[in-house]
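Student: In my numbering, the protein residues as written are 620 to 1028. Every residue, glycine too, gets a C-beta built ideally from N, C-alpha and C. Structure below; questions to follow.
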Ligand code: C5P
């Protein structure tokens, strides 16, 4: 048994194939000495029976059919409060939407609206439902209200598709329940950026040569995606404009997938207004002036085709130029191989951005594609050197600095 012994969890089991994992969750919690009282929604009852939950929890299981007005039983207000934590696992897209809307149209949502206790949700649904703008908005609403989200895992789904949406494994849910029930053991970051909208660009761009070939670079998107995640962690609403990358979308970000620099600029402009814009993408400097509509053929003995290039728009400079919709803080990155500070300071001036984070991409520095970064932050006031750290740590430090600069810290 752990420190969880003696704690009380109200577990709401909603509909979905993952409901069977709720049985394992109950078993693990009981093993830790937790009292688990279960509420089964009508959808959940299609997948597990009240009897199996009752056998494992050794407690009465509540469903809509069970009358809470019965005098000998607990009223719903009391039931929702006689717990240290309310857990919804699995949480279907439907119950999350009803929670976000503040509905109380069945026992589960009534309890969730009546509770004065912290709430933790472990979503499980089809990948397209999880990524739908409606679910993304609902999750942002719930997160802003302080609901803890145990992100779904990525993998093969019961419906045959692949992606994020599978219920997190029960041991991982127990770990998050423990963290939520013992906040002193694991500090929860203050949500300093709640109400702020921030645009982040990330990844490379692909500039077409013909329908099958393109010009690209080695950017992985790791730094930009980590920054988006760190800002969301502090409560910001993030629009991530991402070039083609092989890493997953950060949960709860609104992600606009683009290929070319022109598409990236259009997506950024369409996302305005914003409190800040952080341009992390490694945008191709040039594109092919007139990409071919058909695949260029390799004719025997013929010269290779000459590619006429034309400059791409500079997204950072565009967002930083004086305009009524200029974000309050515009931040760029500069990948340099020599004379880092001099080049970066000149670039900050030329692009008109407020801050520039310079990093060394020489063979020794190796920031591109790697997991670490060593940053020099250049502002109007001067520069500061950050020690070598992971891209996640750079992201957290930048998010914290941003909150301070926007006056939220
Ligand atoms: O000029 P350079 O590519 O070194 O500038 C790097 C910074 O400018 C990065 O923040 C990058 O995201 C941004 N940039 C941009 N659009 C371009 C080129 C660079 O937003 N076309």
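Ignoring anything shorter than 3 residues or poking outside the stretch 678–734, list the beta strand (DSSP E) runs there in chain order.
Tutor: The qualifying runs are 704–710.
Student: Have a look at residue 945 and residue 628 and give me their C-alpha separation to the nearest angstrom.
Tutor: Within the chain shown, numbered from 1, the residue matching residue 945 stands at position 326. Within the chain shown, numbered from 1, the residue matching residue 628 stands at position 9. Rounded to whole angstroms, residue 945 to residue 628 spans 47 Å at the Cα level.
Student: Would residue 660 pass as a contact of residue 683 if the rule is Cβ separation under 9 Å?
Tutor: Taking the chain shown and counting its residues from 1, one reaches residue 660 at position 41. Taking the chain shown and counting its residues from 1, one reaches residue 683 at position 64. Against a cut-off of 9 Å, the Cβ pair of residue 683 and residue 660 comes out as a contact.
Student: Around the Cβ of residue 955, are there at least 16 other Cβ atoms within 10 angstroms (buried) or fewer (exposed)?
Tutor: Position 336 of the chain shown, counted from the start, is the residue given in the question as residue 955. Residue 955 comes out buried.
Student: CA-CA distance, residue 738 and residue 832?
Tutor: Taking the chain shown and counting its residues from 1, the one referred to as residue 738 is at position 119. Taking the chain shown and counting its residues from 1, the one referred to as residue 832 is at position 213. Distance between the alpha carbons of residue 738 and residue 832 is about 49 Å.
Student: On the criterion of 16 or more Cβ atoms from any shown chain inside 10 Å, does residue 805 qualify as buried, or is it exposed?
Tutor: The residue labelled residue 805 in the question sits at position 186 within the chain shown. Note that residue 805 scores 48 on pLDDT, short of 50, meaning its location in the model is unreliable and no value can be drawn from it.
Student: Which whole runs of the beta strand (DSSP E) in the stretch 781–845 are 3 residues long or more, in chain order?
Tutor: Runs of the beta strand (DSSP E) inside the stretch 781–845: 781–785 and 816–821.
Student: Along the chain, where does the alpha helix (DSSP H) containing residue 1004 start, and where does it finish?
Tutor: Translated into positions along the chain shown, residue 1004 becomes position 385. Looking at the DSSP string, residue 1004 is not in any alpha helix (DSSP H); the run it does join, the beta strand (DSSP E), is 1001–1004.
Student: Rounding to the nearest angstrom, what Cα-Cα distance links residue 847 and residue 909 in this structure?
Tutor: In the chain shown, the residue the question calls residue 847 occupies position 228. In the chain shown, the residue the question calls residue 909 occupies position 290. Going from the Cα of residue 847 to the Cα of residue 909 covers about 34 Å.
Student: Tell me which residue opens and which closes the alpha helix (DSSP H) that residue 1029 is part of.
Tutor: Given a span of 620 to 1028 for the chain in the structure shown, any question on residue 1029 remains unanswerable.
Student: Buried or exposed: where does residue 887 fall if 16 or more other Cβ atoms within 10 Å of its Cβ makes it buried?
Tutor: For the purposes of this step, residue 887 is identified with residue 268 of the chain shown, where counting begins at 1. Burial call: buried.
Student: For residue 620, which residues from the same chain have a beta carbon less than 7 Å from its beta carbon, with the 5 sequence-adjacent residues on both sides left out?
Tutor: Your numbering for residue 620 matches position 1 in the chain shown. In this predicted model, residue 620 has a pLDDT of only 48, less than 50, meaning its place in the structure is not dependable; the value taken from the coordinates is given anyway. The residues are 651 and 652.
Student: Measure the C-alpha to C-alpha separation of residue 853 and residue 818 and round it to an integer number of angstroms.
Tutor: As a working note, residue 853 is residue 234 in the chain shown. As a working note, residue 818 is residue 199 in the chain shown. So the two alpha carbons sit approximately 15 Å from each other.
Student: Which first and last residues belong to the beta strand (DSSP E) in which residue 995 is found?
Tutor: As a working mapping, residue 995 is identified with position 376 in the chain shown. 994–998 is the span of the beta strand (DSSP E), which, as asked, contains residue 995.
Student: Taking the straight line between their C-alpha atoms, what separation do you get for residue 714 and residue 703?
Tutor: As a first step, residue 714 must be located in the chain shown, where it is residue number 95. As a first step, residue 703 must be located in the chain shown, where it is residue number 84. Going by the C-alpha atoms only, they are around 21 Å apart.
Student: Roughly how many angstroms lie between the CA atoms of residue 857 and residue 895, to the nearest whole one?
Tutor: Position 238 of the chain shown, counted from the start, is the residue given in the question as residue 857. Position 276 of the chain shown, counted from the start, is the residue given in the question as residue 895. Using only the alpha carbons, I get a separation of about 10 Å.
Student: Classify residue 660 as helix, strand or coil using the three-state DSSP reduction.
Tutor: Position 41 of the chain shown, counting from 1, holds the residue named residue 660. Here residue 660 sits in coil by DSSP.
Student: How about the stretch 872–881 and the stretch 920–932: do they share at least three Cβ pairs that are nearer than 8 Å?
Tutor: With the cut-off at 8 Å, the stretch 872–881 and the stretch 920–932 touch.
Student: On the three-state DSSP scale, how would you describe residue 885?
Tutor: Within the chain shown, residue 885 is the residue found at index 266, counting from 1. Reduced to three states, the DSSP call for residue 885 is helix.
Student: I'd like the ranges of any alpha helix (DSSP H) spanning at least 4 consecutive residues and lying wholly in the stretch 850–903.
Tutor: DSSP runs (the alpha helix (DSSP H)) wholly in the stretch 850–903: 880–890.
Student: Taking three-plus beta-carbon pairs below 8 Å as touching, is the stretch 759–774 in contact with the stretch 865–872?
Tutor: At 8 Å Cβ cutoff, the stretches touch.
Student: Give the DSSP-derived three-state secondary structure of residue 937 in the structure shown.
Tutor: Sequence index remark: in the chain shown, residue 937 carries index 318 (1-based). Correct three-state label for residue 937: helix.
Student: Residue 903 and residue 844 - do their beta-carbons sit closer together than 9 Å?
Tutor: The residue given as residue 844 occupies position 225 in the chain shown. The residue given as residue 903 occupies position 284 in the chain shown. Not in contact: residue 844 and residue 903 (Cβ atoms no closer than 9 Å).
Student: Going by the C-beta, is residue 836 closer than 8 Å to any heavy atom of the ligand C5P?
Tutor: In the chain shown, the residue the question calls residue 836 occupies position 217. No, Cβ of residue 836 sits at least 8 Å from all heavy atoms of the ligand C5P.
Student: Going straight from the alpha carbon of residue 655 to that of residue 783, what length do you get?
Tutor: On the chain shown, position 36 is the one that residue 655 refers to. On the chain shown, position 164 is the one that residue 783 refers to. If I take the Cα positions, the gap works out to 28 Å.
Student: Given a cut-off of 9 Å on the beta-carbon distance, is the pair residue 994 and residue 972 in contact?
Tutor: Position 375 of the chain shown holds residue 994. Position 353 of the chain shown holds residue 972. No, these two residues do not count as a Cβ contact at 9 Å.
Student: In the structure shown, what three-state DSSP assignment does residue 744 receive?
Tutor: By one-based count along the chain shown, residue 744 stands at place 125. Of the three classes helix, strand and coil, the one that applies to residue 744 here is coil, per DSSP.
Student: Determine the DSSP secondary structure at residue 767, reduced to helix, strand or coil.
Tutor: What you label residue 767 is simply residue 148 of the chain shown in a count that begins at 1. Three-state DSSP puts residue 767 in a strand.
Student: Let's see if you can read the secondary structure: which residues bound the alpha helix (DSSP H) around residue 669?
Tutor: Working through the chain shown from its first residue, we reach residue 669 at position 50. From DSSP, the alpha helix (DSSP H) with residue 669 extends over 669–676.
Student: Starting from residue 646 and walking both ways along the alpha helix (DSSP H), at which residues does that stretch end?
Tutor: The residue labelled residue 646 in the question sits at position 27 within the chain shown. That run of the alpha helix (DSSP H) goes 639–650.
Student: Can you have a look at residue 958 and say buried or exposed, based on whether 16 or more other CB atoms are within 10 angstroms of its CB?
Tutor: Within the chain shown, the letter at position 339 stands for residue 958. So residue 958 ends up on the exposed side.
Student: Assign residue 859 to one of two classes, buried (16 or more other C-beta atoms within 10 Å of its C-beta) or exposed (fewer than that).
Tutor: One-based indexing of the chain shown puts residue 859 at position 240. With 16 or more Cβ atoms within 10 Å of its Cβ, residue 859 is classed as buried.
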